[in-house]
Amino acid sequence: FRCEDVAALDPVTFESPEAFVALPRWSAKRTGSISLDFRTTEPNGLLLFSQGRRAGAGAGGHSSAQRADYFAMELLDGYLYLLLDMGSGGIKLRASSRKVNDGEWCHVDFQRDGRKGSISVNSRSTPFLATGESEILDLESELY
1 FRCEDVAALD
11 PVTFESPEAF
21 VALPRWSAKR
31 TGSISLDFRT
41 TEPNGLLLFS
51 QGRRAGAGAG
61 GHSSAQRADY
71 FAMELLDGYL
81 YLLLDMGSGG
91 IKLRASSRKV
101 NDGEWCHVDF
111 QRDGRKGSIS
121 VNSRSTPFLA
131 TGESEILDLE
141 SELY
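Note that UniProt numbering gives residue 101 to position 101 of the sequence shown, counting from 1, and the numbers run on in steps of one.
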């Protein structure tokens with residue numbers, strides 16, 4: 001799924017806590033980038049989420065060690081967090097130095113190349129290095 005040449009569209013408004021948008025699977029195995037603008041007054045919520053197929057299942061498909069790659073951005077107490085796991089350990093990074101639930105537009109740029117990347121919130125960039133050895137982000141689900 002690529003949308004480099006897509007014009008900006010009208011904003012989407014969510015009028016209930018159960019509302020969501022489902023986008024096609026994001027193919028970002030070795031590299032990837034996402035940009036988005038949002039505004040909210042809610043202190044907590046999931047902005048983006050996608051996961052991979054669970055790995056490590058034993059006989060019968062059950063194991064407490066099952067893991068799945070995942071990518072997410074969430075609001076927690078008004079701050080934006082990046083959550084990322086490429087199968088060898090997850091990171092949770094506070095990406096905003098200030099609360100972003102003030103009702104003003106917030107611009108986010110996420111870029112990743114292998115284990116390294118950066119997330120920028122309103123032009124303030126924070127670099128990250130994913131834990132473990134894996135450089136592949138294997139996502140299977142839609143991007144919510």
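Every residue, glycine too, gets a C-beta built ideally from N, C-alpha and C.
Go ahead and label residue i buried or exposed: buried means 16 or more other beta carbons lie within 10 angstroms of its beta carbon, across all protein chains shown.
i, result
"L139", "buried"
"D10", "exposed"
"L82", "buried"
"V12", "exposed"
"residue 155", "Any question about residue 155 goes unanswered here, given that the chain covers just 1 to 144."
Can you tell me whether residue i is helix, strand or coil according to DSSP?
i, result
"E74", "strand"
Rounding to the nearest angstrom, what Cα-Cα distance links residue i and residue j in this structure?
i, j, result
"I34", "D77", "23 Å"
"S16", "T131", "36 Å"
"I119", "S134", "19 Å"
"V121", "C106", "7 Å"
"L143", "R53", "14 Å"
"S123", "E18", "30 Å"
Are the beta-carbon atoms belonging to residue i and residue j less than 8 Å from one another?
i, j, result
"I136", "M73", "no"
"R112", "L129", "no"
"L80", "S96", "yes"
"G103", "T31", "no"
"S50", "Y70", "yes"
For a minimum of 3 consecutive residues, which ranges assigned as the beta strand (DSSP E) are wholly contained in the UniProt domain "Laminin G" (10 to 144)?
31 to 38, 45 to 51, 70 to 76, 79 to 85, 90 to 94, 106 to 113, 116 to 121, 124 to 129
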